[in-house]
Each structure stands twice: as structure tokens, then as C-alpha cells.
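Working notes, beginning with the structure itself.
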Amino acid sequence: MKKDEWFPFLSSLGLSCAYHHFEEGHSPAPPFLVYWFPASQNYGADNLAYHKGSQVRLELYTEKKDLGLEEKIEAALDSHSLFFDKEETYLDTEKLYQVIYHLSQ
């Protein structure tokens with residue numbers, strides 16, 4: 028998936044979505060998604076970036092654990108053949124669950 032295809036893809040899930048963060052004071056009520064490309068993941072040959080790729084970080088924020096929503100997101104990723112690893116934490120200061128999906132493109 029190309030970088031410019033991520034926002035429409037994630038928006039199609041019916042959740043508020045932003046690249047990297049929402050503007051201060053404009054964060055929507057949970058659940059919502061944030062995504063960004065934290066690093067490149069290139070493969071080189073002959074002193075060139077032969078295949079240019081990037082890491083993708085997708086974060087889901089919810090007020091309570093929502094397995095159904097996670098399954099919906101994971102089904103959408105699977106339908107686009109996007110392999111992911113996942114981790115989860117609870118943000119005490121925000122009182123939100125955070126599920127992080129790590130992908131490569």
C-alpha cells in the first residue's frame with residue numbers, strides 16, 4: 028500500500044483518523060486511530076535503495092478493551108495482505124487503552 032492510500036483505507040473503517048497526531052484540543056472522543064511512518068525500511072543493491080519501503084505504525088485508542096473493533100481492523104489489514112505485529116498497553120494518564128500495530132510496506 029502506498030503512503031497516500033493509508034488515510035482513505037483507515038478512514039473507511041468508520042473511525043476518526045489522523046496522521047501522527049490530532050491537533051491539540053481537537054482530539055475526537057475514542058475510539059480513534061493515529062498512524063505514521065517512523066522509519067524507512069529500504070533494501071540496497073549496487074549502492075542504491077533498490078526497494079524502498081517504510082515501517083508503518085498504527086495506533087488504536089479506546090476507553091475500554093474492544094475485541095470486536097480490533098478484529099475489524101485486523102480483518103481489514105488481512106484483506107489487503109498486510110502482515111502486522113501487535114502490542115497493547117493502558118495509558119494511565121489518558122485513561123485509554125492503546126493497541127499498536129507494527130507493519131512494513
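Position 82 of the sequence shown, counted from 1, bears residue number 109 in this note's numbering, the numbering being contiguous throughout. Note that beta-carbon positions come from the ideal geometry of N, C-alpha and C, so glycine has one too. Computed from a prediction, not measured in an experiment: that's the story for all the values here.
{"Item": "Output the boundary residues of the beta strand (DSSP E) element that contains A76.", "Value": "L75 to H78"}
{"Item": "Who are the Cβ neighbours of Y128 in its own chain at under 6 angstroms, not counting the five residues just before and after it?", "Value": "L85, F111 and K113"}
{"Item": "So, with DSSP's three-state summary, where would you put S43?", "Value": "strand"}
{"Item": "DSSP state of F64, grouped into three classes?", "Value": "coil"}
{"Item": "Should L130 go down as buried or exposed, given a rule of 16 or more other Cβ atoms within 10 Å for buried?", "Value": "buried"}
{"Item": "Does the region 83–99 come into contact with the region 57–71, if we say contact requires no fewer than three beta-carbon pairs (one atom in each stretch) closer than 8 angstroms?", "Value": "yes"}
{"Item": "Return the first residue and the last residue of the alpha helix (DSSP H) that S131 is part of.", "Value": "Per DSSP, S131 belongs to no alpha helix (DSSP H); it is in the beta strand (DSSP E), L123 to S131."}
{"Item": "Distance check for D73 and Y117, CA to CA, integer angstroms please.", "Value": "45 angstroms"}
{"Item": "Under the assumption that E97 contacts V126 (Cβ atoms under 8 angstroms), give the Cβ distance between them as a whole number of angstroms.", "Value": "6 angstroms"}
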